[in-house]
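Residue numbers for the sequence shown follow this note's numbering, so the first one is 273 and each next one is one higher. Even for Gly, the Cβ is constructed at its ideal location relative to N, Cα and C. Here the structure is a predicted model, which means the values were calculated and not measured. A short write-up of the structure that comes next.
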Amino acid sequence: MGADKSVPPAFLGNYWAPEIADDIPVAMRTLSARDAALNGVDSTVDRFASEVLGLWRGGRWREPVSTALLGDWADPLVQDGGRITPAFLDTLKAEVKALHRASTPLWRRRAGGHRLWSLDFSLGDGLTLHDLASRGPDPYEVLTGALPDDPQVVRVLDQLTPVERAVTMAWASWSVTSWTEAAAEVIALAPDRFAGYCPKDLGDSVRRRLKRLGQKHRAHAAVAAARGGAAVCP
Numbered sequence: 273m274g275a276d277k278s279v280p281p282a283f284l285g286n287y288w289a290p291e292i293a294d295d296i297p298v299a300m301r302t303l304s305a306r307d308a309a310l311n312g313v314d315s316t317v318d319r320f321a322s323e324v325l326g327l328w329r330g331g332r333w334r335e336p337v338s339t340a341l342l343g344d345w346a347d348p349l350v351q352d353g354g355r356i357t358p359a360f361l362d363t364l365k366a367e368v369k370a371l372h373r374a375s376t377p378l379w380r381r382r383a384g385g386h387r388l389w390s391l392d393f394s395l396g397d398g399l400t401l402h403d404l405a406s407r408g409p410d411p412y413e414v415l416t417g418a419l420p421d422d423p424q425v426v427r428v429l430d431q432l433t434p435v436e437r438a439v440t441m442a443w444a445s446w447s448v449t450s451w452t453e454a455a456a457e458v459i460a461l462a463p464d465r466f467a468g469y470c471p472k473d474l475g476d477s478v479r480r481r482l483k484r485l486g487q488k489h490r491a492h493a494a495v496a497a498a499r500g501g502a503a504v505c506p
């Protein structure tokens, strides 16, 4: 709602702070999503996660989003004279991500050959796929160019294209059981961008790419160890 338009009195005074007038639709959607979380309306929670928070839609994010929506972000409406500021959405999103990371299992091996490696697969520099999943951005953020602050994660992701990065992050999710599924989920994030992509071919390509990176790291580590051993020999 633009500042040049009149704001219904019910949305000001004892309800919204004046500085949030432009964000009334977002705040109202957040309250609606909170009600949906209370009543188990998953479709509304999923739309809120995707359209307002910019996160993946579906089971991976539903629980942390629902939990955060039921948290104390709206307390100022009751405790501070019924006023909140636009920063509430940043606080809510940070809480969602913290809850999501906390719920990611440390180890998740797959039965029936769905995974070729577990999350302890080494990517070099002491970094594993679990580290990449827990310390890196989610696939949606990767596709928009976001990179984490962690220099180890950045070093690995810098060796991949944005699409490869996103598929890697998707595969590391506990809810994904194969490279084909990981690629399909990334393609679904931007169907126009990935028109004509085959999920199986893309998934296999990323799997081979990561395998080569792992082999390259092990070869370099072996050479370094051999040189170090030779240096200390009498």
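Residue environment, residue i, which counts as buried when at least 16 other CB atoms sit within 10 Å
{"i": "Ala-308", "result": "buried"}
{"i": "Pro-336", "result": "buried"}
{"i": "Asp-344", "result": "exposed"}
{"i": "Asp-362", "result": "exposed"}
{"i": "Ala-299", "result": "buried"}
{"i": "His-372", "result": "buried"}
{"i": "Arg-465", "result": "exposed"}
{"i": "Ala-438", "result": "buried"}
{"i": "Leu-327", "result": "buried"}
{"i": "Arg-479", "result": "buried"}
{"i": "Ala-456", "result": "buried"}
{"i": "Pro-471", "result": "buried"}
{"i": "Ala-321", "result": "buried"}
Contact check, residue i vs residue j, beta carbons under 8 Å
{"i": "Glu-367", "j": "Ala-340", "result": "yes"}
{"i": "Gly-486", "j": "Thr-452", "result": "no"}
{"i": "Arg-301", "j": "Asp-314", "result": "no"}
{"i": "Thr-440", "j": "Leu-482", "result": "yes"}
{"i": "Ser-442", "j": "Ala-454", "result": "As written in the sequence, residue 442 is Ala, which differs from the Ser given in the question. Cβ atoms of Ala-442 and Ala-454: closer than 8 Å."}
{"i": "Leu-303", "j": "Leu-342", "result": "no"}
{"i": "Val-458", "j": "Val-495", "result": "no"}
{"i": "Ala-346", "j": "Arg-319", "result": "no"}
For residue i, the three-state DSSP class (helix, strand or coil)
{"i": "Glu-291", "result": "Bear in mind that the predicted position of Glu-291 carries a pLDDT of just 48, short of 50, making it unreliable; the figure below should be weighed with that in mind. Note: Glu-291 maps to helix in three-state DSSP."}
{"i": "Asp-473", "result": "helix"}
{"i": "Arg-306", "result": "helix"}
{"i": "Val-368", "result": "helix"}
{"i": "Phe-320", "result": "helix"}
{"i": "Phe-466", "result": "coil"}
{"i": "Thr-363", "result": "helix"}
{"i": "Asp-430", "result": "coil"}
{"i": "Thr-452", "result": "helix"}
{"i": "Asp-314", "result": "helix"}
{"i": "Gly-486", "result": "helix"}
{"i": "Ala-494", "result": "helix"}
{"i": "Pro-297", "result": "helix"}
{"i": "Thr-339", "result": "helix"}
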